[in-house]
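J.:
In this note's numbering, the protein residues as written are 38 to 140.
Structure (structure tokens):
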């Protein structure tokens with residue numbers, strides 16, 4: 038079973054794409070096309086103008102109170118970015134072509 042799932046939500050007429058961690062504490066990240074200031078963690082997607090941005094947990098804008106939680110969140114966001122790249126982008130690269138970085 039995959040460690041993450043993706044889901045979509047309509048926010049004011051725009052489609053937002055999220056990644057959810059299956060296991061506790063169920064971190065939620067959004068896929069953004071521009072860097073966002075002031076977030077706890079944000080990881081760029083390899084070769085694309087897509088960023089995995091921490092948005093909280095399934096319970097809302099909640100952050101577990103434990104040691105090294107920011108480092109844990111950053112590691113999970115990196116893992117989400119790698120998983121999304123391998124399981125979504127690499128399986129259908131034409132779908133994400135418009136966000137690809139061309140050198």
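The beta carbon of each residue, even a glycine, is placed where N, CA and C say it ideally should be.
#1: Output the boundary residues of the beta strand (DSSP E) element that contains residue 51.
#2: Given this structure, state the Cα-to-Cα distance separating residue 135 from residue 126, to the nearest angstrom.
#3: Might you give, ordered along the chain, the residues of its own chain that have their beta carbon closer than 7 Å to the beta carbon of residue 84, omitting 5 neighbours on each side?
#4: Using three-state DSSP, classify residue 102 as helix, strand or coil.
#5: Round the Cβ separation of residue 120 and residue 62 to the nearest angstrom and send it over; I've been treating them as touching at under 8 Å.
#6: Check whether the segment 65-74 and the segment 43-56 are in contact - that is, three or more C-beta pairs closer than 8 Å.
#7: Which term fits residue 21, buried or exposed, when burial requires 16 or more other beta carbons within 10 angstroms of its beta carbon?
#8: For residue 81, I'd like the list of residues in its chain whose CB is within less than 7 Å of its CB, leaving aside the five on either flank, ordered along the chain.
#9: Take residue 90 as the anchor and find which of 51, 71 and 52 has the nearest alpha-carbon.
T.: Reading it off the structure:
#1: Counting from 1 along the chain shown, the entry for residue 51 is found at position 14. Following the DSSP letters along the chain, one finds residue 51 inside the beta strand (DSSP E) bounded by residues 51-58.
#2: The count along the chain shown starts at 1 and reaches residue 135 at position 98. The count along the chain shown starts at 1 and reaches residue 126 at position 89. Approximately 12 Å between the Cα atoms of the pair.
#3: On the chain shown, residue 84 is found 47 positions in, with the first residue counted as 1. Closer than 7 Å at the Cβ level, and outside the excluded window around residue 84, lie 137 and 138.
#4: Numbered from 1 along the chain shown, position 65 holds the residue referred to as residue 102. Here residue 102 sits in coil by DSSP.
#5: If you number the chain shown from 1, residue 120 lands on position 83. If you number the chain shown from 1, residue 62 lands on position 25. Cβ atoms of residue 120 and residue 62 stay farther apart than 8 Å, at about 17 Å.
#6: Yes, they touch.
#7: Coverage of the chain is limited to positions 38 through 140, which leaves residue 21 absent and any answer about it impossible.
#8: Locating residue 81 in the chain shown gives position 44, where the first residue counts as 1. Within the same chain, residue 81 has close Cβ partners 88.
#9: Numbered from its first residue, the chain shown carries residue 90 at position 53. The option with the nearest alpha carbon to residue 90 is 71.
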